[in-house]
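Visitor: In our numbering, the protein residues as written are 2 to 207. Note that the Cβ used here is the ideal one computed from N, Cα and C, for glycine as well.
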Ligand SMILES: Cc1cc2nc3c(=O)[nH]c(=O)nc-3n(C[C@H](O)[C@H](O)[C@H](O)COP(=O)(O)O)c2cc1C
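#1: Examine ligand 1 and report whether any of its heavy atoms sits within less than 8 angstroms of the Cβ of residue 128.
#2: In this structure, what does DSSP give as the bridge partners for residue 65?
#3: Whose CB is closer than 5 angstroms to a heavy atom of ligand 1? List the residues in chain order.
#4: Nearest by alpha-carbon distance to residue 162: which of 195, 55, 120 and 191 is it?
#5: Taking the CB atoms as reference points, tell me whether residue 131 and residue 93 lie closer together than 9 angstroms.
#6: Taking the straight line between their C-alpha atoms, what separation do you get for residue 86 and residue 119?
#7: Candidates 127, 179, 138 and 141: which alpha carbon is nearest residue 156's?
#8: How would you label residue 2, buried or exposed, when you count the other beta carbons within 10 angstroms and need 16 or more for buried?
#9: Looking only at C-alpha atoms, which of 4, 15 and 5 sits nearest to residue 138?
#10: Roughly how many angstroms lie between the CA atoms of residue 124 and residue 5, to the nearest whole one?
#11: How about the segment 190-202 and the segment 145-152: do they share at least three Cβ pairs that are nearer than 8 angstroms?
#12: Quick one: any contact between the segment 58-69 and the segment 7-21, if contact means 3 or more CB pairs under 8 angstroms?
#13: Please tell me whether residue 129 and residue 136 are closer than 9 angstroms, where the distance is taken between their beta carbons.
#14: Which residues bound the beta strand (DSSP E) around residue 191?
#15: Residue 67 and residue 211 - do their beta-carbons sit closer together than 9 angstroms?
#16: Only counting runs of 4 or more residues, tell me where the alpha helix (DSSP H) segments fall wholly within the segment 108-191, in order along the chain.
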């Protein structure tokens with residue numbers, strides 16, 4: 002079985018999507034051939050070759066403005082027919098992570114991916130919405146605040162290997178929402194100061 006994981010984050014370091022894709026690939030382990038390809042390859046238009054003969058396509062990407070990052074959207078649009086031809090028997094899965102705590106924020110992006118699969122004539126597997134992407138580097142996946150993420154990826158790896166479909170679902174960290182929000186606010190204030198701005202400028206109206 003061949004599984005192709007597409008990391009749709011444009012970040013070259015500390016990408017939550019890269020961490021999720023690597024953790025999923027490690028969980029699949031030797032049970033199947035699992036290739037992880039990145040946004041740079043998508044930009045070069047090389048991805049359809051990597052997709053060839055895939056039994057599963059797993060798109061892992063960040064939520065941008067309640068939707069799909071523009072480079073990934075363009076790639077999906079422009080490569081639709083190439084993808085459909087290269088991986089004609091594949092089942093499509095999507096793992097979308099976002100900055101807000103709630104994993105349900107990703108529902109619209111998962112719906113877009115479901116529609117992409119339908120338009121490409123591919124089978125939709127299921128989607129996973131991962132909240133609090135800012136925590137993904139806080140611990141090893143499966144430990145501490147990332148215990149829920151570890152369990153969600155264990156389940157997803159088994160479903161992919163069994164070529165199963167299912168309901169979309171969400172995952173949030175084992176961490177208090179209020180504390181996550183307070184830490185995020187502190188991070189924004191620190192970032193503003195670093196860029197020579199005052200906290201109140203974060204609330205300025207254009
Ligand atoms: C341009 C942009 C738009 C974003 N839009 C949203 C959003 O609508 N909702 C949300 O919860 N997070 C949003 N985020 C936060 C990212 O989804 C979040 O930081 C994610 O964990 C980044 O994943 P990555 O490290 O794999 O790129 C946005 C981030 C950027 C840079």
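Guide: Checking against the coordinates, here is how it stands:
#1: For the purposes of this step, residue 128 is taken as the residue at position 127 of the chain shown. Every heavy atom of ligand 1 is 8 angstroms or more from the Cβ of residue 128, so no.
#2: Position 64 of the chain shown, counted from the start, is the residue given in the question as residue 65. Answer is 68, bridged to residue 65.
#3: 10, 12, 16, 17, 18, 63, 64, 65, 66, 67, 98, 99, 100, 101, 106 and 134
#4: As a position in the chain shown, residue 162 is number 161, starting the count at 1. Considering only alpha carbons, the answer is 55.
#5: As a working note, residue 131 is residue 130 in the chain shown. As a working note, residue 93 is residue 92 in the chain shown. No, these two residues do not count as a Cβ contact at 9 angstroms.
#6: Reading the chain shown from its first residue, position 85 is the one you call residue 86. Reading the chain shown from its first residue, position 118 is the one you call residue 119. Using only the alpha carbons, I get a separation of about 14 angstroms.
#7: Locating residue 156 in the chain shown gives position 155, where the first residue counts as 1. Minimum Cα distance to residue 156 is reached at 127.
#8: The residue labelled residue 2 in the question sits at position 1 within the chain shown. It is exposed - the Cβ of residue 2 has fewer than 16 other Cβ atoms within 10 Å.
#9: For this step, residue 138 is matched to residue 137 along the chain shown. The shortest CA-to-CA distance from residue 138 to any of 4, 15 and 5 is the one to 15.
#10: Position 123 of the chain shown, counted from the first residue, corresponds to residue 124. Position 4 of the chain shown, counted from the first residue, corresponds to residue 5. Spanning the two alpha carbons is a distance of roughly 15 angstroms.
#11: At 8 angstroms Cβ cutoff, the stretches do not touch.
#12: yes
#13: As a first step, residue 129 is located in the chain shown; it is residue number 128 there, counting from the start. As a first step, residue 136 is located in the chain shown; it is residue number 135 there, counting from the start. Not a contact, by the Cβ cut-off of 9 angstroms.
#14: Looking up residue 191 in the chain shown gives position 190. No beta strand (DSSP E) holds residue 191; the alpha helix (DSSP H) holding it covers 178-195.
#15: Because the chain is modelled from 2 through 207, residue 211 falls outside the range shown and cannot be assessed.
#16: Within the segment 108-191, the complete alpha helix (DSSP H) runs of at least 4 residues are 108-121 and 148-162.
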